[in-house]
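A short worksheet on the structure shown next.
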DNA sequence: CTCTTGCATTTTGTATACAATATGCCAGAG
DNA sequence: CTCTGGCATATTGTATACAAAATGCAAGAG
């Protein structure tokens, strides 16, 4: 027999529960700061407490929950500082992804990305925000995959999930949106030109703009107290 | 009452078990690729299987274990590619740490680091490898703390633990050692001069050299099959 | 002799029972 | 009226029992 394997996706209850909880957190169904009662949640998910507690450990490692000994788990409430820090790290990771991607990207990859860019600009032109975010994410994920570094990709995804739990999608002013789309165009050109340094700088700058937008929106949200439980 | 808290360190069994296992893995007591039998381990650690399984989930999230459904957990066996990737990410993280540290470092911090540098050079002069590694780690940790970014620090520590499980300490040739010590001197000077870009480049280069040394040592170890279970 | 197939054993997965800790309320002192 | 202390309740922590799956071995077919 050759070495190839075809493992079927068999998920255990802890994994399934973690996945479900992850979605509930990111969708905002479970709000930041919310206390998670084990018995109640296990009944709602239809599993016993044992696998649920394993799910908690996984999500805590991802930074989506915090666990206090003898006091249970609660959805993380990111402080302004946490968000700033997470975006700084994301910037470094995406910058690295850009540098690495340049070394491995093929013309076919560039063509794919250009196609995505066209779709993104279409979404921009029609003010289709959900489509824009979806394509935006596709492009960034693609770039990370192109980097060919599994550790990077995993770290990136984990951090991204944590930030998505903020649900900062709501507000994006027109000027910033125009700017972001234009930056994306430049990024793809830098990639096509195999200019790693330029791509890195663009990505870091892009992330910094996003960071600023998110921090501004945190200041202006009426539920900001839910997001900033830790600082005064 | 003011808002300050003084929580005493109360650890739960899963955390304690994870900590113990982490040590066993990093010390090499549990070798890469080793299968972990739940019943046996729980007896050796003196806990039941339930908290042990939670510990497994934590370590798996840290990348120290891999868990296969219905087939238990085993100590991760890092492939050459994994090591390359992890060092690339470490480089990006340390580079960021350097840039951020420059913005916050005080003269007192610089003085502390210079003192550590002196100790490091003493260890180098007397060929005290363990002391060298200890001080080396102190310096890098200090730099990361100086960056003032909790997300960065946590990501850095996790990744570092994974690499430490390789136990690559064994071989370091004299030329590389001299080079590393000299690079450290430059790093502290760049920090003292608040030159973030220079510090970043030094750190990235430093990591790249370390990466190369580790990859070389992996090629030359007779137990390399234990480290590279995944690739041919 | 080799390969398959079925069974016994081992090991992991999940639920539940019991223990330890935390929480909230009420009574009583000041 | 406020604060403290102690008890009842709720919740989390851990061990154990049972279920499901994988593993290893041996017997039989080819």
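Residue numbers (the numbering used here), protein chains in the order written: chain A, 14 to 245; chain B, 14 to 245.
Each residue gets a CB set at the ideal place from its N, CA and C atoms; glycine is no exception.
No experiment lies behind these values; they were computed from the predicted model shown.
So, for residue i: in the same chain, excluding its five sequence neighbours on each side, which residues have a beta-carbon less than 8 Å away from its beta-carbon?
i: residue 27 of chain B; result: 64, 65, 67, 68 and 71
i: residue 25 of chain A; result: 64
i: residue 47 of chain A; result: 87 and 88
i: residue 210 of chain A; result: 112
i: residue 43 of chain B; result: 34, 37, 49 and 88
Please state whether the Cβ-Cβ distance between residue i and residue j is less than 8 Å.
i: residue 127 of chain A; j: residue 201 of chain A; result: yes
i: residue 220 of chain A; j: residue 212 of chain A; result: no
i: residue 51 of chain B; j: residue 104 of chain B; result: no
i: residue 176 of chain A; j: residue 151 of chain A; result: no
i: residue 115 of chain B; j: residue 208 of chain B; result: yes
i: residue 199 of chain A; j: residue 215 of chain A; result: yes
i: residue 145 of chain A; j: residue 137 of chain A; result: yes
i: residue 179 of chain A; j: residue 91 of chain A; result: yes
What residues are listed by DSSP as bridge partners for residue i?
i: residue 49 of chain B; result: B/86
i: residue 81 of chain B; result: B/85
For residue i, collect the residues of the same chain with a Cβ closer than 7 Å to its Cβ; drop the 5 residues on either side in sequence, then sort them by chain order.
i: residue 228 of chain A; result: 93, 96 and 97
i: residue 113 of chain A; result: 160, 161 and 162
i: residue 57 of chain A; result: none
i: residue 226 of chain B; result: 185 and 189
i: residue 140 of chain B; result: none
i: residue 31 of chain B; result: 68, 71 and 72
i: residue 41 of chain A; result: 180
Go through its chain and collect everything with a Cβ distance to residue i's Cβ below 6 Å, but skip five positions before and after it.
i: residue 157 of chain B; result: 110, 166 and 169
i: residue 62 of chain B; result: 51 and 55
i: residue 217 of chain A; result: 104 and 108
i: residue 133 of chain B; result: 148
i: residue 171 of chain B; result: 75
i: residue 222 of chain A; result: none
Check your understanding: Is there contact here, the stretch 77 to 87 of chain A with the stretch 67 to 81 of chain B, by at least three beta-carbon pairs under 8 Å?
Key -> no
- Query: Between the stretch 82 to 100 of chain A and the stretch 156 to 167 of chain B, do at least 3 Cβ pairs fall closer than 8 Å?
  - Reply: yes
Q. Is it true that the stretch 113 to 129 of chain A meets the stretch 189 to 196 of chain B, where meeting means three or more beta-carbon pairs spaced less than 8 Å apart?
A. no
Fill in: Sequence ranges, alpha helix (DSSP H) only - wholly within the stretch 164 to 222 of chain B, length at least 4
187 to 205
Ranges of the alpha helix (DSSP H) found wholly within the stretch 23 to 74 of chain B, counting only runs of at least 4: 26 to 39, 51 to 58 and 62 to 74
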